[in-house]
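K.L.:
This structure is in structure tokens; I'll ask about it shortly.
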Amino acid sequence: MQLDGPSLQGLHERVLAEHGRHARIVAAERVVSGGIRGFFAKQHFEVTVELPETGTPGVHSLDLPTRVGLAALLEDADTAESALAAPLAPVEQPTTATPDFAALLRQMTRDIVPPNPQLADVPQLPTAGLLPIAAAAAAYAPAPPAQLGAVAPAPIVAPVRSVATAGSAAPTAPPELLASPGDLVLCIGARSDAARVAADWAAENGAEVALCAPATADDAAGHGELRRVTDRRDAAAARARGVQRAAACIAVVELDGARAGADVAASSRRERQLGTAAALLADQLWLVVDVSRKDEDTAAWVAACREVVEVHGIVAVGGAETATPGSVSALGLPVLWHSKG
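Here it is, written out as structure tokens:
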């Protein structure tokens, strides 16, 4: 039979009390359960007891061999308990005296502490190597004190194809026309102005010309040879073709209702066209303006465009057909004069 208990001594006393002196403990086992690496574990002992047959005198449970075996079991249990009580090997603790820790602390400080804007312009000393004396003196010399009445030099601006007429304010320099592979440029103009400018640009840089948001079926039929760009998927396809052809794509919008006091139907079509153009997320957007037309009409549709899309500049055409081409500067946008305008 088997008995279990918290200690071998207690089990031995239990065997004597319950089964008499003739019962023999023939095996003992220590059982450990639970815990983490020996800590907080629970243990008990299980013994196998051999009982003598009824009426047959058995060997005394405390004869010499039995006592020796029991003592050996007790000694083994004590040894196991001592091993559990022994302290674990010391775990290597991080030290703050190593260069790695110092570098880590500096990195954490940079990540956590926000930069001080007042120190943004303070020159930093080189971390490795030395600057030549002349270069160091030029790099870290204090700035000379400002003089009263001194005027800062004007920034150098690369020459552009912009024109200012006599008596008008010089327009802001327009950006360069994007012509890299995969660029998507949008040209919006009244009637066929944008299509003519896009065709001239394409002849110069090999760009693909596409039609965006035709106002009516007749407008679409008038450009049957052009691809359509009506949503972001079409825009992505146009960019992909541009990458393959090593050229940009110029999408044209022939704006409806490009006049002051346009009726409701024309204004609705214009808003729909501008909404489609805004959804393309073009890299650059130009408004093609014929300066020979009425200033009121031009100002109306330009203002309507600027309410919906981000405009990078104006391409001015028709300057030779009016005595006041400089009036386009009143629109408040950079002006690029088309070479054939």
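In UniProt numbering, the protein residues as written are 1 to 341. Even for Gly, the Cβ is constructed at its ideal location relative to N, Cα and C.
In this structure, what does DSSP give as the bridge partners for L211?
P.N.:
BP columns for L211 point to R228, V252.
K.L.:
Thinking C-alpha only, which one of R293, V335, Q273, V291 is nearest C305?
P.N.:
For the residues R293, V335, Q273, V291, the minimum Cα distance to C305 belongs to Q273.
K.L.:
Ignore the nearest five residues each way along the sequence and tell me which others in E13's own chain have a CB closer than 8 Å to its CB.
P.N.:
Closer than 8 Å at Cβ, skipping near neighbours: no residue.
K.L.:
When you compare each of S329, G261, D295, L285 to V308 by their alpha carbons, which one comes out closest?
P.N.:
It is L285 whose Cα lies nearest to the Cα of V308.
K.L.:
When burial is assigned at 16 or more other CB atoms within 10 Å of the CB, is T298 buried or exposed?
P.N.:
Buried, since its Cβ has 16 or more Cβ neighbours within 10 Å.
K.L.:
For S329 and A179, what's the separation of their Cα atoms in angstroms?
P.N.:
If you take the alpha carbons of S329 and A179, they lie about 25 Å apart.
K.L.:
How far does the beta strand (DSSP E) with S33 in it reach, from first residue to last?
P.N.:
Run containing S33: 24–33, per the beta strand (DSSP E) assignment.
K.L.:
Please classify G182 as buried or exposed, where buried requires at least 16 other C-beta atoms within 10 Å of its C-beta.
P.N.:
Label assigned to G182: buried.
K.L.:
Just the Cα atoms here: how many angstroms apart are T276 and S268?
P.N.:
Cα-Cα distance, rounded: 13 Å.
K.L.:
Would you mind working out which of G242, D231, P6 sits nearest N205, comparing C-alpha positions?
P.N.:
Closest by alpha carbon: G242.
K.L.:
Whose C-alpha, out of D4, S339, A303, is nearest the C-alpha of G189?
P.N.:
Out of D4, S339, A303, A303 has the C-alpha closest to the C-alpha of G189.
K.L.:
Can you grab the Cα-Cα spacing for the pair L184 / A260, in whole Å?
P.N.:
Roughly 29 Å separates the two Cα atoms.
K.L.:
What is the rounded straight-line gap between the Cα of T172 and the Cα of V209?
P.N.:
For T172 and V209, the distance between alpha carbons rounds to 27 Å.
K.L.:
Quick one, which of W301, V47, V32 has its alpha-carbon nearest A41's?
P.N.:
Among W301, V47, V32, the Cα nearest to that of A41 is on V32.
K.L.:
Sort I25, L255, V291, A235 by Cα distance to A279 and report the nearest one.
P.N.:
Nearest of I25, L255, V291, A235 to A279, Cα basis: A235.
K.L.:
From the DSSP secondary-structure annotation, give me the bridge partner or partners of L186.
P.N.:
In DSSP, L186 forms a bridge with A251, L285.
K.L.:
To the nearest angstrom, how far is it from the Cα of P155 to the Cα of P214?
P.N.:
No answer about P155 holds up, because its pLDDT of 42 lies below 50 and its placement is not dependable.
K.L.:
Does DSSP put D263 in a helix, in a strand, or in coil?
P.N.:
In this structure, D263 counts as coil in the three-state DSSP scheme.
K.L.:
Quick one: what's got a C-beta closer than 6 Å to I258's C-beta in the same chain, skipping five residues either side?
P.N.:
In the sequence on display, residue 258 carries Ala and not Ile. The residues are A190, W301.
K.L.:
Have a look at V253 and A194 and give me their C-alpha separation to the nearest angstrom.
P.N.:
C-alpha separation (whole angstroms): 7 Å.
K.L.:
Tell me the rounded alpha-carbon separation between G34 and V49.
P.N.:
Each residue's alpha carbon lies about 27 Å from the other.
K.L.:
Would you mind reading off the limits of the beta strand (DSSP E) that contains E46?
P.N.:
Here the beta strand (DSSP E) through E46 covers 42–50.
K.L.:
Given T216, which residues of its chain have a CB within under 8 Å of its CB, disregarding the five upstream and five downstream residues?
P.N.:
These residues qualify, in order along the chain: D256, R269.
K.L.:
DSSP three-state label for V335, please.
P.N.:
Strand at V335.
K.L.:
Given A137, which residues of its chain have a CB within under 8 Å of its CB, disregarding the five upstream and five downstream residues?
P.N.:
Annotation note: pLDDT 44 at A137 (below 50); position unreliable, coordinate value reported separately. Correct list: empty, nothing qualifies.
K.L.:
Determine the extent of the alpha helix (DSSP H) in which G10 is found, giving its start and end residues.
P.N.:
Residues 8–19.
K.L.:
Look at the alpha carbon of A237 and the alpha carbon of A247, and state the distance between them as a whole number of angstroms.
P.N.:
Near 13 Å, if we compare the C-alpha coordinates of A247 and A237.
K.L.:
Should G326 go down as buried or exposed, given a rule of 16 or more other Cβ atoms within 10 Å for buried?
P.N.:
Label assigned to G326: buried.
K.L.:
Can you give the Cα-Cα distance for A230 and C212, rounded to whole angstroms?
P.N.:
Position check: residue 230 holds Thr in this sequence, whereas Ala was assumed. Cα to Cα, the separation comes out at about 6 Å.
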